[in-house]
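Q: Before I ask anything, here is the structure I am working with.
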Amino acid sequence: MEKVIDLNQISEYNAANNHTTLHPLVSVIDFSKANVRDWGKSITRVKFQYGLYCIYLKDVKCGDIVYGRHTYDYQAGTLVFFAPGQVSEFEIPGEPYQPKGYGLVFHPDLILGTALAKAIPLYHFFSYKSNEALHISDAERQVVLDCLAKIEFELNQAVDKHSKKLITANIELFLNYCERFYDRQFISREHVNQGVLSKFEDLLNTYFLSEKPQIVGLPSVAYFADELHLSPNYFGDLIKKETGKSVKELIQNKLIDVAKERIFDGGKSINEIAHDLGFKYPQHFTRVFKQHVGNTPLQFRHLN
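Take the sequence shown: its position 136, counted from the start at 1, is 136 in the UniProt record's numbering, and no numbers get skipped.
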């Protein structure tokens, strides 16, 4: 049986974890203070529907973490990020258990009108899959705990005109450190990333040799991310770190290279080539080709 929990209010979240509500829009949670989780025999899965930003630091051995089709064991700690509108599901252990770790939860209203509100869409890790979590070292874990301590310090002060600015600034500082740690993780897992890049290149080459363009249409970032069992944002960030180019750029470059070959061959009309490449309209193909090459497909054929 599945239980659905809506996470919409800070006060309700605090009450569920034995914490006093110090601020109606933000809280730092020490899960060791929460009651032992006992879902009963009938509950086998819990689904969380997020109306809050929730960041969790697992303060236990992470065990096997799956990245794509590879499995890694990372013991130092794991950070997982959720944003409003997202849903997560967890299998419930057969026995009651004591949760451990820390959490930062804040309502989207907290950041309204702040610099963080403009910056938060840039933190792509909020839309990574949970199996693309951030694995941190002991030193990085201490930085995370220091950031949470600064936020908690502000929550324990009397509210004044500086409170919102300092709280949101410290949350932004925390997220900036997480961004740095993710950059480190991309580098430290370079051999894995190279494997993803190689598979992406193979998939891209195979795409245009198949009938997928006529069936699926032009290749998209989401299509290749799904094929590689990655979220689009994580996949995009990984490829950008490895190549210096976005996935969209690499797809466009491949598309133009294939188009040039087929135009040069001269066996088909421009309209037929556009269709074979996945374009719905030949005019769209002509416009895209000219943007990248400087000539229309027909001009390119005549020049060559």
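We put the beta carbon where it would ideally sit given N, CA and C, even for glycine.
Output yes or no for whether 9 Å exceeds the beta carbon distance between Val26 and Glu89.
A: no
Q: Straight-line CA distance for Tyr207 to Val105?
A: 42 Å
Q: Assuming Phe31 is part of the beta strand (DSSP E), what are its boundary residues?
A: No beta strand (DSSP E) contains Phe31, which DSSP labels as neither H nor E.
Q: Tell me whether Arg287 is buried or exposed, calling it buried when 16 or more other Cβ atoms sit within 10 Å of its Cβ.
A: exposed
Q: Which residues bound the alpha helix (DSSP H) around Leu110?
A: That residue, Leu110, is in no alpha helix (DSSP H); it is neither H nor E in DSSP.
Q: Could you check whether Leu155 and Val28 sit closer than 9 Å to each other, using their CB atoms as the reference points?
A: yes
Q: Would the beta-carbon of Tyr50 fall within 9 Å of that of Leu7?
A: Less than 9 Å separates the beta-carbon of Tyr50 from that of Leu7.
Q: Can you say whether Lys164 is buried or exposed, counting buried as having 16 or more other CB atoms within 10 angstroms of its CB?
A: buried
Q: Use the C-beta contact count for Gln185: other C-beta atoms within 10 angstroms, 16 or more gives buried, fewer gives exposed.
A: buried
Q: Starting from Gln157, trace the alpha helix (DSSP H) both ways and give me its first and last residue.
A: Annotation: Gln157 is outside any alpha helix (DSSP H) and is labelled neither H nor E by DSSP.
Q: Measure from the alpha carbon of Ala169 to the alpha carbon of each residue in Ile111, Ile263, Ala259 and Tyr281, then state which is nearest.
A: Ile111
Q: Which same chain residues, not among the five before or five after Glu211, have their C-beta less than 8 Å away from its C-beta?
A: Around Glu211: no qualifying Cβ.
Q: Can you check which of these residues, Asp202, Val159, Asn176 and Val143, is closest to Gly77 by C-alpha distance?
A: Val143
Q: Let me check understanding here. Comparing Cα to Cα, which of Gln194, Asp265, Val258 and His135 lies closest to Lys58?
A: His135
Q: Taking DSSP's pairing of strands, which residues face Gln291 in a bridge?
A: Paired residue(s): none; Gln291 is not in a bridge.
Q: Which residues bound the alpha helix (DSSP H) around Ser269?
A: That residue, Ser269, is in no alpha helix (DSSP H); it is neither H nor E in DSSP.
Q: Bridge partners for Arg45 per DSSP, in chain order?
A: Glu2 and Glu91
Q: Bridge partners for Phe285 per DSSP, in chain order?
A: Phe285 is not bridged to any residue.
Q: Taking Ile167 as the reference, give the member of Glu140, Gln98, Ser246 and Thr114 with the closest Cα.
A: Thr114
Q: Just the Cα atoms here: how many angstroms apart are Gln98 and Glu91?
A: 15 Å
Q: Please list, in chain order, all residues of the same chain as Ala274 whose beta carbon is under 7 Å from its beta carbon, the five residues on each side excluded.
A: Pro282 and Phe285
Q: Check whether the Cβ atoms of Pro219 and Ala225 sit closer than 9 Å, and answer yes or no.
A: no
Q: Please report how far the alpha carbon of Lys100 lies from the alpha carbon of Tyr13, in whole angstroms.
A: 16 Å
Q: By alpha-carbon positions, which one of His302, Lys118, Lys260 and Gly236 ends up nearest to Glu249?
A: Gly236
Q: Could you give the DSSP three-state label for Gly103: helix, strand or coil?
A: strand
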